[in-house]
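What follows is a set of notes on a single structure, which appears directly below.
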Amino acid sequence: MRVTHCPVNTAGIPWTNVQALRARGVDAQLVVFNRYKLHPEADIDLRRSGRFLRRQLTQARAFARLAPVTDIFHFYFGLTLLPKSIQFPLLRVLGKRSVMHFLGSDIRGKQPQQLAWA
50 MRVTHCPVNT AGIPWTNVQA LRARGVDAQL VVFNRYKLHP EADIDLRRSG RFLRRQLTQA
110 RAFARLAPVT DIFHFYFGLT LLPKSIQFPL LRVLGKRSVM HFLGSDIRGK QPQQLAWA
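In this note's numbering, each residue's number is its place in the sequence shown (first place is 1) plus 49.
Shown next as structure tokens:
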């Protein structure tokens, strides 16, 4: 089983989760938009830059590479590789599982409808 955690390493929590899964024998990796200075740990840095369309293209390419080899996607901070309205239906069609992991300020003050992407 391969688990891909993405697309940020907020407070080092995703990296800690990846390390814990690896210690249990799970093939896990962390893919980030850009490395953070405080928590630079990641297996793959997309080095996302430029304007909106360029960033979206970088993310779409990453999704296209990762989807065939990933069984479970673990997303953090309410962020995904593709727009949520596309990504979750596409993951469903591909038979992939996904988890959205909120870390605090990303969920505070949001209505349940805003959080029901899947």
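All C-beta atoms, glycine included, are put in the ideal place defined by N, C-alpha and C.
Close CB contacts of Val148 within its chain, under the 6 Å cut and outside five residues either way in sequence, are with His123 (chain order).
Counting along the chain, no alpha helix (DSSP H) covers Gln160, and no H or E run does either.
The residue among Arg96, Asn58 and Arg73 with its C-alpha nearest the C-alpha of Pro89 is Asn58. If the five residues before and after Pro63 are omitted, its C-beta is found closer than 6 Å to the C-beta atoms of His54, Leu79 and Tyr125, all from its own chain and listed in chain order.
Distance from the CA atom of Arg73 to the CA atom of Phe101, rounded to whole angstroms, is 38 Å.
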